[in-house]
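Presented below is the structure to which this report refers.
Residue numbers (the numbering used here): 1313 to 1386.
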(Lines of atoms letter the chains of each structure in order from A and count residues from 1; the text may use other names and numbers.)
(Lines give C-alpha, C1' and ligand atoms only; values in the text may rest on other atoms or scores of the structure.)
Protein backbone atom coordinates (compact mmCIF):
# COMPACT_ATOMS: atom_id res chain seq x y z
CA UNK A 1 0.00 0.00 0.00
CA UNK A 2 1.49 3.29 -1.11
CA UNK A 3 1.07 6.64 0.61
CA UNK A 4 2.62 9.71 -1.02
CA UNK A 5 4.18 7.35 -3.61
CA UNK A 6 6.03 5.48 -0.83
CA UNK A 7 5.50 1.79 0.06
CA UNK A 8 4.30 1.94 3.66
CA UNK A 9 2.12 -1.11 4.34
CA UNK A 10 2.58 -4.63 2.99
CA UNK A 11 -0.54 -6.74 2.59
CA UNK A 12 0.31 -10.44 2.60
CA UNK A 13 -2.20 -13.23 3.20
CA UNK A 14 -4.84 -10.60 4.05
CA UNK A 15 -2.64 -9.30 6.85
CA UNK A 16 -1.22 -5.72 6.97
CA UNK A 17 2.44 -5.36 7.95
CA UNK A 18 4.46 -2.24 8.64
CA UNK A 19 8.24 -1.95 8.84
CA UNK A 20 9.98 -2.18 12.18
CA UNK A 21 11.87 1.09 12.40
CA UNK A 22 13.06 3.21 15.30
CA UNK A 23 10.27 5.66 14.43
CA UNK A 24 7.60 2.96 14.90
CA UNK A 25 9.08 1.05 17.84
CA UNK A 26 7.51 3.10 20.63
CA UNK A 27 4.14 3.36 18.89
CA UNK A 28 3.88 -0.34 18.05
CA UNK A 29 5.83 -1.85 20.96
CA UNK A 30 2.81 -3.93 22.04
CA UNK A 31 1.96 -5.13 18.52
CA UNK A 32 2.50 -8.64 17.24
CA UNK A 33 5.36 -9.24 14.85
CA UNK A 34 5.66 -11.54 11.90
CA UNK A 35 7.22 -12.19 8.52
CA UNK A 36 5.06 -11.04 5.59
CA UNK A 37 6.64 -13.59 3.23
CA UNK A 38 9.48 -16.09 3.16
CA UNK A 39 12.81 -14.29 3.22
CA UNK A 40 11.35 -10.99 4.46
CA UNK A 41 12.55 -9.09 7.49
CA UNK A 42 10.45 -9.09 10.63
CA UNK A 43 7.60 -6.54 10.56
CA UNK A 44 4.88 -5.38 12.90
CA UNK A 45 1.39 -6.72 12.26
CA UNK A 46 -0.73 -3.61 11.97
CA UNK A 47 -4.14 -3.46 13.63
CA UNK A 48 -5.95 -1.37 11.02
CA UNK A 49 -9.12 -1.41 13.12
CA UNK A 50 -7.30 0.92 15.51
CA UNK A 51 -7.45 4.13 13.45
CA UNK A 52 -5.36 6.24 15.83
CA UNK A 53 -2.58 3.67 16.14
CA UNK A 54 -2.47 3.12 12.38
CA UNK A 55 -2.35 6.86 11.65
CA UNK A 56 0.41 7.47 14.22
CA UNK A 57 2.49 4.58 12.86
CA UNK A 58 2.13 5.74 9.26
CA UNK A 59 2.86 9.38 10.16
CA UNK A 60 5.97 8.30 12.09
CA UNK A 61 7.34 6.05 9.34
CA UNK A 62 6.46 8.11 6.25
CA UNK A 63 9.31 10.67 6.48
CA UNK A 64 11.88 7.87 6.81
CA UNK A 65 10.95 5.96 3.65
CA UNK A 66 13.10 7.08 0.74
CA UNK A 67 12.23 5.96 -2.76
CA UNK A 68 15.15 6.14 -5.15
CA UNK A 69 14.23 7.11 -8.69
CA UNK A 70 14.75 4.41 -11.27
CA UNK A 71 17.54 4.97 -13.76
CA UNK A 72 16.36 5.40 -17.31
CA UNK A 73 17.78 3.02 -19.87
CA UNK A 74 19.77 4.71 -22.58
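Built from N, CA and C at the ideal position, the CB exists for glycine as well.
* Measure the Cβ-Cβ separation of residue 1314 and residue 1323 and say whether it is below 8 angstroms. => no
* **Short Cβ contact (8 angstroms threshold) for residue 1339 with residue 1368** => yes
* Asked: Between residue 1316 and residue 1373, which are expected to be in contact by the criterion C-beta below 8 angstroms, what is the C-beta distance as a whole number of angstroms?
  -> About 11 angstroms; that fails the 8 angstroms criterion.
* To do: Buried or exposed for residue 1348, please, with buried defined as at least 16 other CB atoms from any protein chain shown within 10 angstroms of its CB.
  => buried
* Classification of residue 1354 by the beta-carbon crowding that lies within 10 angstroms, buried from 16 upward -> exposed
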